[in-house]
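Visitor: Quick one: this structure, given as structure tokens, is what I'll be asking you about.
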Ligand SMILES: Cc1cc2nc3c(=O)[nH]c(=O)nc-3n(C[C@H](O)[C@H](O)[C@H](O)COP(=O)(O)OP(=O)(O)OC[C@H]3O[C@@H](n4cnc5c(N)ncnc54)[C@H](O)[C@@H]3O)c2cc1C
Ligand code: FES
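Residue numbers (this note's numbering), protein chains in the order written: chain X, 524 to 914; chain P, 2 to 360.
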């Protein structure tokens with residue numbers, strides 16, 4: 524069975540994530556939600572100059588890296604530096620600035636340049652289309668099978684509840700291609716190619732997206748692949764290649780960070796039935812079980828747009844991301860009290876776990892014996908929180 | 002426009018700086034550089050009125066970016082400040098200096114309202130060098146290019162600003178006709194632009210200045226008093242700006258004459274509650290109450306909601322909200338609208354009967 528927004532799992536068997544959600548009593552879930560609400564209110568009350576200064580400094584740095592990168596292409600020996608600066612610029616723009624601003628994290632500043640309704644980021648995906656598929660669909664229905672189209676992006680098999688089909692043997696290949704062309708994957712996300720291929724949707728139904736998509740792609744291509752290379756005259760091919768490389772570096776980085784957010788082992792998926800009419804506490808609980816963090820240095824967190832704190836981001840998507848590290852300490856402590864696993868680890872470990880999952884789910888569930896053990900390994904939704912619940 | 006400006010505003014530069022736009026880069030180098038946006042640096046803050054126990058009034062001189070297209074006397078500007086470096090808050094103020102051209106310095110003159118977020122900041126805390134955000138000049142309460150032979154200005158309190166800009170422009174244009182300038186203030190100590198008006202009064206030049214203080218015994222505005230001052234005043238082109246009671250008195254005195262033009266700083270009070278009826282509901286917060294007839298913004302505030310607002314006068318669109326059902330009347334124009342799922346400015350919309358707004 525292909526998992527799409529329409530064709531939900533029809534049988535009502537529970538999946539491991541559902542079982543986890545039921546480990547807390549409704550009263551516990553409510554108390555848990557109230558504690559998180561309290562954190563949220565407290566942070567909102569403290570928002571002010573520090574947060575404003577922070578994001579403005581990140582913007583300043585991003586603009587400086589961008590200008591430096593574009594300028595360094597005039598100095599051929601500095602080509603690697605130029606690519607590095609432009610890559611950093613694009614990563615900062617897309618992650619710490621774009622992603623977070625478009626979540627409305629800085630709307631309270633009243634600055635049109637940092638407003639979720641107006642910000643446009645430096646990649647081929649039009650911001651309004653992304654805001655719908657990401658802010659609304661993905662953040663509301665996080666890890667609900669059949670609802671959250673970010674589970675495998677309609678291409679990959681990332682969960683045992685997705686029925687195996689022979690074409691999933693290409694899972695590792697598809698993942699690699701998605702990584703290399705990640706901005707294109709994100710841009711095409713709303714077209715729902717997999718549903719068009721399956722005959723559930725027609726090309727004509729995506730028509731309202733075309734004009735915006737074409738305009739954005741044209742603008743991006745024009746500056747990166749024509750105007751800036753042309754401005755460097757005889758160095759055109761070098762600049763062209765440099766811009767392409769910077770886009771590629773950003774694609775690889777963003778893909779890896781984002782896949783570590785929801786796909787390492789221990790992250791759960793849920794059925795639609797379990798999440799119908801859910802309470803605020805239940806929603807928080809599901810967000811927590813459906814996300815994973817990455818540990819690292821302060822600079823690392825900035826370069827991931829603080830998506831290294833995917834758990835806190837999913838609990839509080841509209842709080843400024845620079846607050847996640849401080850919030851994380853409290854969230855961890857709350858999780859400990861409720862006996863909820865808090866999924867975190869260094870980048871290498873989380874990436875390895877994701878890679879294993881991609882390979883593992885390329886194969887049918889009842890793995891033939893000849894497969895090496897590590898590929899036949901654990902079910903993704905296996906309960907990892909075994910500690911007894913606090914009363 | 003200079004060549005530099007033309008280049009910065011060109012399509013080529015827009016393409017190179019896409020998706021952010023050239024201003025997002027220029028501002029990083031120098032906040033006074035802009036190709037599209039308008040900003041200004043505060044040059045000076047001068048107290049006009051400082052009566053102990055009363056809100057002070059100050060004139061703020063602004064050096065705008067070269068993108069400021071200038072203004073016509075009587076126009077206003079939306080001005081946004083970042084209070085404590087964080088939340089940008091925008092309010093509307095009238096330009097008090099004479100007509101300006103592209104990039105010209107200009108002034109605004111304002112009273113620090115006791116709980117006014119922006120006005121108190123500007124009058125009491127802002128220092129030279131502070132940057133503010135601006136719109137272009139807006140508004141059609143302006144002098145025509147051909148100024149009539151005799152004009153009459155009537156103002157009260159801080160409502161003096163647009164007519165002061167007009168008076169100053171007339172002086173600069175060396176207008177030869179007659180000007181009658183009537184202003185109401187609480188007391189001579191509360192008089193804004195006192196020294197300048199005094200100077201104008203003494204030098205004559207066809208400008209009659211009448212500064213009145215009804216609270217100290219001067220006559221209040223009435224048709225008889227106006228008739229004595231300016232015989233046939235109903236046919237004399239008149240510009241009036243001030244608090245609601247003054248404007249109401251002026252409107253009554255002019256009895257629908259189209260020689261009168263008025264400017265409001267605050268939306269006029271809508272009809273009394275008995276005529277409107279129904280209930281007002283705010284669907285997101287779940288609050289509702291009997292319709293009081295006031296603007297939806299005020300009714301929401303009365304229920305403890307805090308909708309965002311800027312000008313409270315239908316100018317800035319900050320308060321725009323979705324009305325899911327019901328009829329509203331625009332308190333400025335009297336126009337009614339009953340479309341479902343309509344975006345309305347709640348500061349100038351008063352419900353007529355039942356009304357639901359997504360707040
Ligand atoms: C076209 C135009 C031109 C103007 N020109 C001038 C000018 O030249 N000079 C001048 O001094 N003023 C002028 N004004 C008036 C000025 O814009 C307002 O007084 C504005 O509110 C000043 O901002 P503020 O920061 O003082 O006050 P705000 O913070 O807006 O508060 C002002 C008042 O609004 C009310 N208010 C605010 N918040 C709430 C709430 N939550 N609930 C209920 N009531 C609330 C209160 O009565 C408060 O005193 C003009 C207005 C317009 C529309
Ligand atoms: S507050 Fe400005 S339009 Fe309503």
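Where a beta carbon is used, it is the ideal one built from N, C-alpha and C, also for glycine.
Out of X:886, X:815, X:854, which one is the CA nearest neighbour of residue 559 (chain X)?
Guide: For the purposes of this step, residue 559 (chain X) is identified with residue 36 of the first chain, where counting begins at 1. Nearest option by C-alpha distance: X:854.
Visitor: Among residues of its own chain, excluding the 5 on either side of residue 202 (chain P), which ones have a beta-carbon nearer than 7 Å to its beta-carbon?
Guide: The residue you call residue 202 (chain P) lines up with position 201 of the second chain. The residues are 210.
Visitor: Specify, as a first and last residue, the run of the alpha helix (DSSP H) that residue 49 (chain P) falls within.
Guide: Working through the second chain from its first residue, we reach residue 49 (chain P) at position 48. Run containing residue 49 (chain P): none in the alpha helix (DSSP H); it sits in the beta strand (DSSP E), 39-50.
Visitor: Straight-line CA distance for residue 733 (chain X) to residue 757 (chain X)?
Guide: Residue 733 (chain X) sits at position 210 when you count from the first residue of the first chain. Residue 757 (chain X) sits at position 234 when you count from the first residue of the first chain. Near 35 Å, if we compare the C-alpha coordinates of residue 757 (chain X) and residue 733 (chain X).
Visitor: So is residue 804 (chain X) buried or exposed if we call it buried at 16+ other beta carbons inside 10 Å?
Guide: Here residue 804 (chain X) corresponds to residue number 281 of the first chain, with the count starting at 1. When all chains shown are included, residue 804 (chain X) counts as buried.
Visitor: Note down, one range per segment and in chain order, each beta strand (DSSP E) of at least 3 residues found wholly within the region 772-844 of chain X.
Guide: You should have 816-818.
Visitor: Quick one: grab the DSSP three-state call for residue 628 (chain X).
Guide: Position 105 of the first chain, counting from 1, holds the residue named residue 628 (chain X). The answer is coil: DSSP assigns residue 628 (chain X) none of H, G, I, E or B.
Visitor: Please report whether the beta-carbon of residue 742 (chain X) lies at a distance below 8 Å from any beta-carbon of chain A.
Guide: Here the protein chains are X and P, and chain A is not one of them.
Visitor: Please report the straight-line C-alpha distance between residue 550 (chain X) and residue 842 (chain X), rounded to a whole angstrom.
Guide: What you label residue 550 (chain X) is simply residue 27 of the first chain in a count that begins at 1. What you label residue 842 (chain X) is simply residue 319 of the first chain in a count that begins at 1. Roughly 26 Å between the two C-alpha positions.
Visitor: Mark residue 318 (chain P) as exposed unless 16 or more other C-beta atoms lie within 10 angstroms of its C-beta, in which case mark it buried.
Guide: If you number the second chain from 1, residue 318 (chain P) lands on position 317. Label assigned to residue 318 (chain P): exposed.
Visitor: Output needed in chain order: residues of the region 596-615 of chain X with a Cβ under 7 Å from some Cβ in chain P.
Guide: If the cut-off is 7 Å between Cβ atoms, the region 596-615 of chain X has nothing near chain P.
Visitor: Mapping DSSP to helix, strand and coil, what is residue 702 (chain X)?
Guide: For the purposes of this step, residue 702 (chain X) is taken as the residue at position 179 of the first chain. Three-state result, residue 702 (chain X): helix.
Visitor: Report the option in P:354, P:323, P:50, P:228 whose CA atom is closest to the CA atom of residue 186 (chain P).
Guide: Working through the second chain from its first residue, we reach residue 186 (chain P) at position 185. Among P:354, P:323, P:50, P:228, the Cα nearest to that of residue 186 (chain P) is on P:50.
Visitor: In the region 661-745 of chain X, which residue ranges form an unbroken alpha helix (DSSP H) of at least 4 residues, counting only runs that do not cross its ends?
Guide: Counting whole runs of 4 or more residues, the region 661-745 of chain X contains the alpha helix (DSSP H) stretches 694-703, 705-711, 716-720, 730-744.
Visitor: What span of residues does the beta strand (DSSP E) with residue 78 (chain P) cover, start to end?
Guide: Within the second chain, numbered from 1, the residue matching residue 78 (chain P) stands at position 77. 77-84 is the span of the beta strand (DSSP E), which, as asked, contains residue 78 (chain P).
Visitor: Residue 164 (chain P) to residue 48 (chain P), Cα distance in whole Å?
Guide: Your numbering for residue 164 (chain P) matches position 163 in the second chain. Your numbering for residue 48 (chain P) matches position 47 in the second chain. Using only the alpha carbons, I get a separation of about 19 Å.
Visitor: When the cut-off is 8 Å and only beta carbons count, does residue 227 (chain P) lie next to chain X?
Guide: For the purposes of this step, residue 227 (chain P) is taken as the residue at position 226 of the second chain. With 8 Å as the cut-off, residue 227 (chain P) does not count as an interface residue toward chain X.
Visitor: Beta carbons nearer than 8 Å to chain P: which residues of the region 565-576 of chain X have them?
Guide: Result list: 570, 571, 572, 574, 575, 576.
Visitor: Can you tell me the Cα-Cα spacing of residue 159 (chain P) and residue 193 (chain P), whole angstroms?
Guide: As a first step, residue 159 (chain P) must be located in the second chain, where it is residue number 158. As a first step, residue 193 (chain P) must be located in the second chain, where it is residue number 192. Rounded to the nearest angstrom, the two C-alpha atoms are 8 Å apart.
Visitor: Short of 7 Å in beta carbon distance, which residues of its chain neighbour residue 151 (chain P), apart from the five on each side in sequence? Order them along the chain.
Guide: Reading the second chain from its first residue, position 150 is the one you call residue 151 (chain P). Only 178, 179, 237 meet the Cβ criterion.
Visitor: On the three-state DSSP scale, how would you describe residue 653 (chain X)?
Guide: For this step, residue 653 (chain X) is matched to residue 130 along the first chain. Three-state DSSP puts residue 653 (chain X) in a helix.
Visitor: For ligand 1, I want to know if residue 66 (chain P) counts as a neighbour, meaning its beta carbon is within less than 7 Å of at least one of the ligand's heavy atoms.
Guide: Mapped onto the second chain, residue 66 (chain P) falls at position 65. The answer is no for residue 66 (chain P).
Visitor: When we look at the beta-carbon of residue 128 (chain P) and count the other beta-carbons within 10 Å, is it buried (16 or more) or exposed?
Guide: Locating residue 128 (chain P) in the second chain gives position 127, counting from the first residue. Counting Cβ neighbours within 10 Å, residue 128 (chain P) comes out exposed, since fewer than 16 surround it.
Visitor: Since residue 327 (chain P) sits in a beta bridge, which residues does DSSP pair it with?
Guide: Position 326 of the second chain, counting from 1, holds the residue named residue 327 (chain P). Note: residue 327 (chain P) sits in a beta bridge opposite P:356.
Visitor: Touching or not, the region 580-594 of chain X and the region 608-616 of chain X, by the rule of three or more beta carbon pairs under 8 Å?
Guide: Enough Cβ pairs lie closer than 8 Å, so yes.
Visitor: Quick one: complete alpha helix (DSSP H) runs, 4+ long, within the region 267-345 of chain P?
Guide: As far as the region 267-345 of chain P is concerned, its whole alpha helix (DSSP H) runs of at least 4 residues are 297-303.
Visitor: Could you pull the start and end residues of the alpha helix (DSSP H) that residue 615 (chain X) belongs to?
Guide: Here residue 615 (chain X) is taken as the residue at index 92 of the first chain, counted from 1. Its alpha helix (DSSP H) spans residues 602-615.
Visitor: Just to confirm my understanding: we take residue 585 (chain X), look at its own chain, exclude 5 residues before and 5 after, and list those with CB closer than 7 Å. What are they?
Guide: Along the first chain, read from residue 1 onward, the residue named residue 585 (chain X) stands at position 62. The residues are 612, 615, 616, 620.
Visitor: Quick one: which chain X residues come within Cβ less than 8 Å of residue 26 (chain P)?
Guide: Position 25 of the second chain holds residue 26 (chain P). Correct list: 586, 590.
Visitor: Any heavy atom of ligand 2 closer than 7 Å to the Cβ of residue 95 (chain P)?
Guide: Within the second chain, the letter at position 94 stands for residue 95 (chain P). No; taking the cut-off as 7 Å, the Cβ of residue 95 (chain P) has no heavy atom of ligand 2 nearer than that.
Visitor: Could you check if residue 632 (chain X) is buried or exposed, using at least 16 other CB atoms within 10 Å of its CB as the buried criterion?
Guide: Residue numbering aside, residue 632 (chain X) sits at position 109 when the first chain is read from its first letter. Result: buried.
Visitor: Please identify, using Cβ separations under 7 Å, the residues of the region 27-50 of chain P that lie next to chain X, in order along the chain.
Guide: Answer set for the region 27-50 of chain P: 29.
Visitor: Is residue 641 (chain X) buried or exposed, if buried means 16 or more other CB atoms sit within 10 Å of its CB?
Guide: Locating residue 641 (chain X) in the first chain gives position 118, counting from the first residue. With fewer than 16 Cβ atoms within 10 Å of its Cβ, residue 641 (chain X) is classed as exposed.
Visitor: Compute the minimum distance between the beta carbon of residue 117 (chain P) and the heavy atoms of ligand 2, and state whether it is under 7 Å.
Guide: Taking the first residue of the second chain as position 1, residue 117 (chain P) is located at position 116. No, ligand 2 has no heavy atom inside 7 Å of this Cβ.
Visitor: So, helix, strand or coil for residue 186 (chain P), using DSSP?
Guide: Taking the second chain and counting its residues from 1, the one referred to as residue 186 (chain P) is at position 185. Here residue 186 (chain P) sits in coil by DSSP.
Visitor: Note down, in chain order, every chain X residue with its Cβ under 7 Å from the Cβ of residue 89 (chain P).
Guide: What you label residue 89 (chain P) is simply residue 88 of the second chain in a count that begins at 1. Under the 7 Å cutoff, chain X gives 632, 633, 634.
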